[in-house]
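J.: In the numbering used here, the protein residues as written are 8 to 429. One structure is given below, represented as structure tokens, and several questions about it will come after.
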Ligand code: NAP
């Protein structure tokens with residue numbers, strides 16, 4: 008049965024993506040799917056239409072078509088419906104299973120909670136997946152950016168992002184403080200005076216399903232290793248436990264397909280069995296420097312929400328910056344593509360920023376739909392455009408003799424390369 012939408016116009020054409028009969032995860036994708044799109048705040052109204060144009064061209068070049076369904080969140084939803092995140096938006100993404108969104112602004116300190124975090128929670132999109140790979144011609148602050156080819160699986164629903172926090176000066180925060188000090192015995196930890204307190208839940212359920220996703224991905228894509236990144240030396244019962252549960256998944260659920268780094272050295276002198284995925288772990292601060300010093304040793308990363316956010320931005324900088332870095336949020340039989348970058352409000356409406364991150368997030372969406380020919384075409388056309396020196400401001404300022412294009416001109420150039428390559 009279809010949901011009755013008030014705040015969204017259902018396109019006249021197109022069919023719904025559904026689940027294959029008897030499966031909770033495998034998609035049945037028609038050749039003319041309806042795909043909800045949130046342009047988002049700030050530069051979202053620049054990069055959203057640019058990505059749409061490119062994805063339309065890739066679909067058309069491979070004999071298909073996308074029926075877009077504009078849905079609203081953030082500023083555009085407040086203007087239209089006086090709400091930050093209308094139910095119809097959430098329902099449309101739920102019902103149509105695959106969607107794409109631009110960035111949404113989150114006020115710092117006060118105001119509403121992050122709509123991005125809310126959407127991921129409401130749709131139970133528990134894995135935020137951020138691939139970082141280098142495209143030919145993209146300038147980088149490091150000398151060998153091609154060594155980076157990593158995919159970060161960031162847990163998306165818990166950790167300090169769970170939103171369990173209390174504001175200074177409220178009765179609630181005083182109650183929590185009293186409980187922590189009086190009943191839990193931490194009576195000499197919190198300084199006197201105003202305090203804000205947050206809770207960091209890390210569950211076995213949340214950890215294991217994320218680590219499974221990362222290992223499954225590594226096996227399916229012939230990757231060599233999965234690294235569990237944590238700060239378990241300090242936060243023993245949360246981040247340390249994440250590591251232990253992660254290893255439990257590796258040791259108990261995959262037989263010979265997966266081997267831990269310890270077993271590798273204890274039993275096999277460091278020699279990994281052919282095709283096996285090695286699971287190891289690194290402490291987060293060390294990991295951030297290893298990304299720079301031993302870039303090519305890292306493959307698939309599984310980590311918690313906050314570490315994953317920091318790490319994927321830093322890794323993104325090594326392969327060309329936020330204008331390039333794509334992402335996608337995955338749940339059971341459901342995906343919401345979104346770039347890593349935010350709404351960059353100072354560039355809003357200037358037709359200036361780089362839409363590559365949004366375009367390549369769309370590429371992840373096409374891959375998830377099983378349209379790998381269209382997805383490859385998008386990647387090749389983006390690479391062709393950048394290596395011909397036609398780029399937006401962010402890359403142009405780092406390149407000699409490049410031609411600076413507006414967001415929309417760059418998208419047109421990618422479209423014309425799709426047409427040439429197909
Ligand atoms: P940001 O919007 O990502 O922008 C930071 C800087 O990154 C920009 O000033 C620009 O650098 C560069 N950049 C970002 N997107 C770019 C693009 N498409 N092309 C070229 N360069 C790009 O980060 P922020 O200023 O910290 O956050 C702004 C708002 O976005 C906040 O409200 C934040 O909460 C929100 N946010 C949302 C999401 C999301 O929706 N998933 C993610 C992150 C942040 P230069 O000026 O140096 O060129």
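Ideal Cβ placement from N, Cα and C applies to all residues, glycine included. Keep in mind it's a predicted model, so treat the numbers as computed, not measured.
#1: Checking 7 Å against the spacing of the C-beta atoms, do residue 135 and residue 336 come in under that value?
#2: CA-CA distance, residue 99 and residue 66?
#3: Under 6 Å from any heavy atom of ligand 3, does the C-beta of residue 125 make it?
#4: For residue 56, which residues in the same chain have their Cβ closer than 6 Å to its Cβ, ignoring the five residues on either side in sequence?
#5: Contact between the stretch 400-407 and the stretch 32-48: three or more CB pairs below 8 Å?
#6: Taking 8 Å as the limit between beta carbons, can you name the residues of its chain near residue 354, skipping five residues before and five after?
#7: Which residues mark the beginning and the end of the alpha helix (DSSP H) in which residue 1 is found?
#8: Can you list, in chain order, the stretches of the beta strand (DSSP E) that have 3 or more residues and sit fully within the stretch 333-374?
#9: With a threshold of 8 Å on Cβ separation, who are the neighbours of residue 179 within its own chain once the five nearest residues in sequence on each side are excluded?
#10: If contacts are defined as beta-carbon pairs under 8 Å, then residue 319 and residue 161 qualify, I think. What distance do you get, rounded to the angstrom?
#11: Using 7 Å as the threshold, is the C-beta distance between residue 289 and residue 214 below it?
#12: Near residue 412, what residues of its chain come up, given a Cβ to Cβ distance below 7 Å and the 5 sequence neighbours on each side ignored?
#13: For the candidate residues 46, 327, 121 and 281, whose alpha-carbon lies nearest to that of residue 107?
#14: Would the stretch 77-93 count as touching the stretch 118-137 if we require 3 or more Cβ pairs under 8 Å?
#15: Classify residue 76 as buried or exposed, calling it buried when 16 or more other Cβ atoms lie within 10 Å of its own Cβ.
#16: Among 224, 304, 295 and 342, which has the Cα closest to the Cα of residue 287?
#17: Taking 6 Å as the cut-off, is the CB of residue 351 close to at least one heavy atom of ligand 1?
#18: For residue 166, which residues from the same chain have a beta carbon less than 7 Å from its beta carbon, with the 5 sequence-adjacent residues on both sides left out?
#19: Taking 6 Å as the cut-off, is the beta-carbon of residue 343 closer than that to any non-hydrogen atom of ligand 1?
#20: If contacts are defined as beta-carbon pairs under 8 Å, then residue 219 and residue 256 qualify, I think. What distance do you get, rounded to the angstrom?
#21: At which residue ranges does the stretch 17-56 contain complete beta strand (DSSP E) runs of 3 or more residues, listed in the order of the chain?
#22: Could you give the residue range of the alpha helix (DSSP H) that holds residue 414?
T.: Once the coordinates are examined:
#1: yes
#2: 21 Å
#3: For ligand 3, the structure offers nothing, since it holds only ligand 1.
#4: The answer is none, since no qualifying residue turns up.
#5: no
#6: 49, 50, 53 and 360
#7: Residue numbering for the chain in the displayed model covers 8 to 429; residue 1 lies beyond these limits and cannot be assessed.
#8: 335-338 and 341-344
#9: Cβ neighbours of residue 179 within its own chain (closer than 8 Å, five residues either side excluded): 173.
#10: In this structure residue 319 touches residue 161 by the C-beta definition: roughly 7 Å separates them, less than 8 Å.
#11: no
#12: 397, 398, 399 and 420
#13: 46
#14: yes
#15: buried
#16: 304
#17: yes
#18: 207, 209, 311, 312 and 313
#19: no
#20: With 8 Å as the limit, residue 219 and residue 256 qualify as a contact, their Cβ atoms being about 6 Å apart.
#21: 41-45
#22: Where residue 414 is concerned, the enclosing alpha helix (DSSP H) stretches over 414-428.
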